[in-house]
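Offset between the sequence shown (1-based) and our numbering: plus 41.
One structure is given here, and the rest of the page talks about it.
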Amino acid sequence: MKKTGNPSNAKTGPALVRQANIENVLQLMRQADTFSKVDLARDSGISTTTMTKLFNQLEKAGLIEKDRIDHESFGRPRTLYRLAADKVCVLASVIDIDETTVAAYSLNGAVNKDSEVTFPTGRSLTGFYDRLAEAMRAARDSDGRKCLLTAVCLPGLIDRRSGNSVFCPNIHWLENTAPAKEIAQRLKLKARVLHEEKALSLIQQRKGLQDFLLMDFSGGVGAGVVCDGKLLNGHSGFAGEIGHITVEPDGQLCGCGNRGCLETVASDRAYFQALESTSKAKAVNNVLKYQAIGLAAAINLFNPQVIYLHTALSREVPDYLERIRKLAKARALAPAAAGCTIELAEAGKLQGTALHAIDRVLQATTA
């Protein structure tokens, strides 16, 4: 008879609880500039003995380091730690339609600006991964610290099991490639791949909200959906492609092959293309109209507490946030709109990619 249940290597019972507790501690570490064993034990409910073992493990791996002795707290002085900043780093890379950027980050999330390398993405696969690996080597050498892992962020559909790019409407030549594998082979370094909306969502997750959306209106249009504190991946990892809902059945041809997709009329790219043939006021009004349609659909579908917006229009249009809030809420169901706040997203894809790399380094050490 075929046995059912969890495979032998799956975490169950006490092991699962322990890993969940450790995940909580790692999250608390990522959210604080400095932390102590006593404070984290109290805030997470983990015993000081277990916490000491965890700290020893992370310190031995070079992932945390002593910051200072705190003499100001009540009781005995306590040693404050921080995520490693001096000896190790991770590399983050964002592949975008026009350019690709690489930079080194400390485990505390700080970027080394001197390490940043940017180059044209190009229009074909020929030589691309060699150029990306070369940029990563340059960033790593400029930084000088030991690099523990690199993460690559890109648009399109990424299979969450294989990590392969299976469909990329705006960079078709990336399709059917394995970015993490290509980089790992060239750099002899562990590599991860993630979708650009996940990178942006990771930054907002640090705020601790349980139900929010990240709407990205940059090169294309996509959404990161966080429900009950977890990012919605979908069966294959393709969830969030709101940019490919049809809003104009006979509209412009989209990179995905269909016509009239939301991203053909609501993205920053659509806005800058419109400026070539019409006035700024008309281009702004048209793009805002379609962004509002997309936001209203997202509000009605997911009932988020907050929607964070990533768009160049926030810099192009002085009263952007006020206008988009008004337009979106006029189209959404009133009860859902009343409970939803619309804000601008913080930071960008490169930092979110670095946070993903940092998470993976910490999780791999404590698994």
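Each residue gets a CB set at the ideal place from its N, CA and C atoms; glycine is no exception.
Spatially closest choice to residue i from the options, by CA coordinates
i	options	result
residue 192	103, 90, 400	400
residue 205	350, 312, 407, 236	236
residue 234	393, 259, 255, 64	393
residue 378	358, 348, 364, 357	348
residue 355	259, 344, 209	259
residue 183	106, 152, 339	152
residue 135	128, 240, 186	240
residue 139	160, 155, 128, 388	160
residue 277	246, 197, 253	197
residue 110	103, 123, 99	123
residue 343	384, 312, 283	283
residue 103	189, 83, 210, 327	189
residue 194	374, 171, 144	144
residue 312	292, 340, 95, 357	357
Close Cβ partners of residue i (< 6 Å) along its chain, the five nearest in sequence each way excluded
i	result
residue 165	214
residue 316	324
residue 361	354, 355
residue 127	none
Close-in-space but distant-in-sequence residues of the same chain around residue i (CB under 7 Å, 5 per side omitted)
i	result
residue 280	266, 273, 274
residue 396	150, 243, 244
residue 287	299, 301, 302
Inter-residue Cα distance where the pair is residue i and residue j
i	j	result
residue 406	residue 255	29 Å
residue 63	residue 248	19 Å
residue 142	residue 90	43 Å
residue 228	residue 386	32 Å
residue 49	residue 133	Any reading at residue 49 needs caution, since the residue's pLDDT is 47, under 50, leaving its predicted position unreliable; the model's value is listed next. The alpha-carbon atoms of residue 49 and residue 133 are separated by roughly 34 Å.
residue 162	residue 363	35 Å
residue 382	residue 346	6 Å
residue 158	residue 176	6 Å
residue 285	residue 304	7 Å
residue 72	residue 81	12 Å
residue 322	residue 352	17 Å
residue 299	residue 261	14 Å
Span of the beta strand (DSSP E), counted from its first residue to its last, around residue i
i	result
residue 154	152-161
residue 111	105-111
residue 232	232-236
Own chain, CB closer than 8 Å to residue i, minus 5 neighbours either side, in chain order
i	result
residue 408	60
residue 333	365, 368, 369, 371, 372
Residue interval of the alpha helix (DSSP H) (run including residue i)
i	result
residue 386	No alpha helix (DSSP H) holds residue 386; DSSP gives it neither H nor E.
residue 99	89-101
residue 355	354-357
residue 183	169-184
Residue i at chain D interface by Cβ criterion, 8 Å
i	result
residue 93	The structure shown has no chain D; it contains just one protein chain.
Problem - Cβ pair count under 8 Å reaching 3, the region 75-84 against the region 119-129 - result: yes
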